[in-house]
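Residue numbers (my numbering): 3 to 179.
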């Protein structure tokens with residue numbers, strides 16, 4: 003539900019800002035999101051005696067480096083509608099939108115075997131050509147018996163299971179006999 007609401011705010015930012023300003027807004031929102039995870043900041047913003055104006059001042063002072071009136075207006079709107087908790091979700095949705103616009107995606111490779119960084123780069127380049135984008139892959143060691151590639155933002159998941167391939171080979175041999 004929060005993602006749907008965040009998308010509405012992101013669409014407003016997207017229409018109001020150019021590409022460079024969107025990048026700056028994403029960085030500012032990510033920094034603000036990280037600050038909001040700190041207990042003392044959350045305690046201050048959730049205190050009943052802190053007014054909406056004070057909350058707005060605290061949050062807008064944290065994003066002054068972005069120098070964006072639109073971003074300040076977004077913060078004011080979020081405070082007014084008691085949706086400060088959406089800031090982190092807005093940052094995530096905005097980052098995904100920017101990545102989609104630039105056709106730059108990141109993905110994960112899961113395997114029980116170690117995978118060299120050169121292989122990850124080649125695999126990312128191959129997938130990038132297929133999807134006309136730039137894909138950066140990271141390796142995560144797991145107990146998956148084979149290799150699984152997951153690029154969530156593109157909706158791509160590819161997996162090769164050793165046991166499944168062995169089973170298919172056995173079935174093929176049995177059919178041939």
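Even for Gly, the Cβ is constructed at its ideal location relative to N, Cα and C.
The straight-line gap separating the alpha-carbon atoms of residue 18 and residue 108 is approximately 27 Å. DSSP, reduced to helix, strand and coil, places residue 133 within a helical segment of the structure shown.
Here the C-alpha atom of residue 111 lies approximately 7 Å from the C-alpha atom of residue 149. The region 103–133 contains, as complete beta strand (DSSP E) runs of 3+ residues, the segments 106–113 (chain order).
Bounds of the alpha helix (DSSP H) holding residue 166 are 164–178.
DSSP lists 108 as the beta-bridge partner residues of residue 138. For residue 151, the secondary structure class from DSSP, reduced to helix, strand or coil, is strand. Here residue 161 carries a strand assignment [DSSP, helix/strand/coil].
Here the C-alpha atom of residue 178 lies approximately 17 Å from the C-alpha atom of residue 167. Contact annotation: the region 53–73 does not touch the region 119–130, with fewer than three C-beta pairs closer than 8 Å.
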